[in-house]
């Protein structure tokens with residue numbers, strides 16, 4: 087089998103939750119496919135880093 091790609095669009099996010107949603111997407115992908123490359127458009131590194139410092143339910 088060849089390599090596969092997914093393209094996902096999430097609409098309806100706001101300033102309070104878009105970075106947290108991006109963080110959860112990355113966590114889910116890395117748990118299933120740890121060697122995958124992930125690119126998320128729309129989340130700046132600063133905002134994403136701030137999100138990753140929050141306590142996430144289930145960790």
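Residue numbers (our numbering): 87 to 145.
We put the CB at the ideal spot given by N, CA and C, even for glycine.
- Taking C-beta atoms as the reference points, residue 96 and residue 107 count as a pair closer than 8 Å.
- Going by C-alpha positions, residue 126 is about 12 Å away from residue 110.
- Annotated three-state conformation of residue 105 is helix, per DSSP.
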